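The structure appears below as structure tokens.
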Amino acid sequence: MFVVMAFCKRLAGVLAFLFIMSTAVHAKTEYTYGTDAHGVTRPLAYDRVPALYTGDFGDCLGGQSLFNITKFDAGYYADNLTIVFHLDGASNIKNESLMMHISVDAYGSGRFEMTFDPCYLNLYSLCPLNASVPITGWAVLPVGPEQIGGIPPMAFAIPDFEGTARLRIFANSSETEIGCFQAGMRNGNTFSHPEIVAPVLGGVTLVATIASFATAAYGISVVHMRMHYAHSLSVLVLLETLQSIFFTGALTVNWPSVCVAWWSNFAWASGMIYVPAMVRSVNSFAGVAGNASQVGGAGSVVLNTGGGLLTQIYGRSLSLVGHSPEATQTTKSITRRAPYNASNPFDYTWAGSPMMPGMPLPGTRMGLPGTLAGVNIPAKDAFIVSLIWIMSAIVLTAVSVPTFKLLLELLARTSRIKKSRLSYFRSHWIGYMGHASLRAFFASFFVVVAMALYQFTLPGPSVGVVSIAAATFVVFVLGGVFLIAVACYARTRQGRFVSGPDEIVFHRSRFLGIPTLIPAWRSTLEEHNLEVRPVITMSTRRIRHINTDSIRETVHADQGYVKKFGWFSARYRRTRWWFLTYYVVYLIGRASFVGAAALNPLVQIYGLLIFEICAFSIMIILNPFESARNTALGVWILGISKVTTTGLSIAFLPAFKLDRIIATVIGIVIIIIQGLTVIGLGILVSLSAVSTWMSLTRNQEEMGAEYLEGVRVKYFEAIEEKALDIYRVPKPKKNKKGKEKDEEEHRAPTLEPKFSVVSFRREPKIEDDDDEDEKDTLHDLQPAQNGGKNPDASNPHGVTRVSRTNSVSSQRSVSSLPRGLRAHQATWSSKDGHPDDTPDRPDSSLARRLATAADSPGTVAESSRSGTPAGEAVKRTGSRQSLRTLSGRANSPFSPGLNTPSRETLARYADERRYPTPQPTIPDLE
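According to mature numbering (1 follows the signal peptide of the UniProt record, and there is no 0), the stretch in the sequence shown is residues -27 to -1, 1 to 899, in order.
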């Protein structure tokens, strides 16, 4: 009902805005001339927006002013150095002359002040004050550069200008203050954009919710579904991040205006959603009373002071001296300010409104009431409002599951999807509904507990609200503890708990590059065979659970346990399945500092800082999440954000009286930290959506994006490895020298220049026909006398090869003189060549050396380095080396010393050399 009413209200506002805009198009703009501080004169529109102007206003006498004010507007125009003052209202004082004082404070210092007699400014309704005359004051106060010199130029551009305008009214007869009204100043720039930021963050949360649900519902194997679900981003951690940003403002310190405006963008995540009809309904139940259309404490009874207000002001005596029907009628008729008139060229839209009942004075931003004022929710209404929205969210979560199931059934019956689509979810939808409801319950646990405890600290609380807060606190705390106890008992009932002596060992380590002490259990170090150098050792007792069933499956492989208590353990590591127990205890402790300690700022902020540091350290040690993204957000990003913002908040304690400009700078630093947190959250949600897409395509060969195929394979391998949760000893870090030495050992050896011949073929020469050469050849072919080697079996003649180094033919064959210079030139023909006449001609010494190099490329080089003659090296290795080329081709049976050339080689050299007769062969070297 409240949602429908809010929608209708917003629709009416939009229509009214369109009507105003259509009227403003036809309105005539009136101009005047003004001169600024630099002496520049220009035409100025009457309806322009001032450089600084007031917002909502309230009674700074705590409701004790003797006026009922419906309009208090003040603005400073820098373009003509004037301050505009507008006051509408009524009073029950019959006759009194007044003096008025207006002042402007900016960032904790007085920037402008002026005392004036309303009669001198033609404020005739206040000269003198009469109950029968409504107050309608409009004045223009010219100021000089000296008077406004205290306002820094940055005040006109900085977001959420921190300043107030205060009007004080004094009675001349008693010189006593009878009225005080204060309004917050602003310049039109602000960090508060909930109408834009809230829907964007809501969309991000919805994407994370859909991705998380999709990984839990897709599949038929419970074990694999849990594994993929554990690596989606946790909505519980996401909401905790947004809630922690808003509840930073719950600390009882004097916050800068920039922080309050920034936190209003995140109020929705904690159930602080402003709906006027809902707030008005809760006001009466929560004990909030007052008139939202005016401020002040004047009633309908006329005070005839007779020129003296001393008794009436201090004693607040309301004895009836006389009744004035005119005054009574006037006071009743002035109940709210007139709406903006677009056809009036002198009207304006920048004016504020009377503050709502139960709200703090404008310009006051102390603690949670000041933060809630940024979203127009009174502190006494906050618990009921948040409880309504949170319960609505839990119910909506529970209802969405069967609704989705019915939608799938409808699509399956109409053949829009396969009947087997999400069959496991459709057959177990009741379990899914219970799991979703419990996750929503724990997501709202901190907000409900903290607001219930805060409700107990408010002064003058309503009995009904306190009763609801107490009942809600008991239900949430005892209910959460009971659910966790059941989940833990279901897993540990088949074992026993043992208590034994153990030691906590503090050893030196580094955290973010900073030397620190890390605690560890002595038994854990011994279990993993780790050795550390202890710095501090503390003896204590440790309670451990020992499982007596040796064949029982692990917690994530136990399908029955996952089906019943997946909401409890599914997202955490196998050895940290109980982490939600610690998490609930942590939430209760944090809610106690935030809510219950609100009346003691020092205990609250210092205690919370120590508590957050300890919790952050424990989270790092436990490292509970199975997913790296949840670890990044839930452990590191959120932990650093909480610790740093809480630490910076100490500077805002009232006892320190920090300069408000420095406070604003620190507030902007807090905004930057929390802004980076939100950016990181958005990036992790995007990555979670991509990983969910990969998980949903795990049964397909292709996922549609080829560039992600390799990433998908690595992702599946990584989550399977993470699911095992096997402890691995971290690799020791090498020092610089060791690293350089390791790199030097693994560096590729430097290749020295070397020469090797794979194969060659001797071509017939013209001088082969020379008789002298033939004689020399026949002489060289005689068997060696020393018989250095056995003849080769493939040589039918049994000819042993010897060195031809000193032969005449060899010398001439390697001579530098070309054969063309010889006296007899043999003809080049098949008849003259006779290559077949010397089939067993031995090689020359050069050919033998080249063949040896081809047989063992590194022999000569190795022998030269070792000092061994090359000939001996050839003898040692000749019997072991085979004449295979690098390509692995077998030797030809006709030329055992050569490799058979490939067809490509023959074709490449066919046109270069072509002989009609068979080519000579080279005998084997061995």
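Using N, Cα and C, we set each Cβ at its ideal position, and we do this for glycine too.
Please read these numbers as outputs of a predicted model, since none were measured by experiment.
Taking residue i as the reference, give the member of the options with the closest Cα.
i	options	result
residue 906	G176, F589, S207	Nothing about residue 906 can be read from this structure; the chain reaches only from -27 to 899.
E476	T163, S590, E526, R515	R515
V684	S388, A696, L660	L660
R199	V528, V113, Q155	V528
V157	L174, T149, E135	The question names Val, but residue 157 is Gly in the sequence shown. Checking every option, the nearest Cα to that of G157 belongs to E135.
A47	T5, N95, C33, A138	A138
I561	L581, R483, Y545	L581
T109	S359, G62, T337	G62
Y559	V535, I586, L575	I586
A636	R338, S257, Y247, R547	R338
V374	I363, G12, S400	S400
D698	A423, W550, M73	W550
Using the Cβ count rule (16 or more neighbours within 10 Å means buried), how would you classify residue i?
i	result
P351	buried
I610	buried
P172	exposed
F40	buried
L654	buried
D632	exposed
E148	exposed
P23	buried
E213	buried
A691	exposed
Q532	exposed
T387	exposed
E675	exposed
S185	buried
P574	buried
V261	buried
S440	exposed
If you draw a straight line from the alpha carbon of residue i to that of residue j, how long is it in whole angstroms?
i	j	result
F470	V663	42 Å
P118	Q577	45 Å
Q755	P737	For Q755, the predicted model reports a pLDDT of 48, less than 50, meaning its position is unreliable; a value from the coordinates is still stated below. Distance between the alpha carbons of Q755 and P737 is about 22 Å.
F58	N145	21 Å
T301	A250	Only weak support is given to the placement of T301: the predicted model assigns it a pLDDT of 36, under 50, and the value that follows is read from those uncertain coordinates. So the two alpha carbons sit approximately 29 Å from each other.
F598	Y579	29 Å
F589	T322	48 Å
I385	K391	What sits at residue 385 in the sequence shown is Ala, not Ile. For A385 and K391, the distance between alpha carbons rounds to 6 Å.
A240	F418	16 Å
L669	Y534	24 Å
V436	A601	47 Å
L360	A371	17 Å
R210	L34	At residue 210 the sequence reads Val, which differs from the Arg that was named. V210 and L34: Cα-Cα distance of roughly 44 Å.
F246	T221	It should be noted that the sequence gives Ile, not Phe, for residue 246. Straight-line Cα distance between these residues: approximately 17 Å.
T55	A425	49 Å
R481	S614	25 Å
Is the separation between the beta-carbon of residue i and that of residue j shorter than 8 Å?
i	j	result
V226	T344	no
P335	G31	yes
A203	R544	yes
F541	A460	yes
G347	S237	yes
V252	D354	yes
G468	H518	yes
M667	Y680	no
A366	A413	yes
I151	S38	yes
S205	T665	yes
L215	L174	yes
A605	L657	yes
L395	L380	no
N256	P167	no
Assuming the contact rule is C-beta atoms closer than 8 Å, residue i and residue j should be a hit. Round their C-beta distance to whole Å, please.
i	j	result
V421	T445	6 Å
D9	D52	5 Å
P342	P333	5 Å
F258	V438	7 Å
Q428	A442	4 Å
Closer than 7 Å to a non-hydrogen atom of the ligand ATP - does that hold for the CB of residue i?
i	result
I623	Only the bare structure without any ligand can be found here, which leaves the ligand ATP out of the picture.
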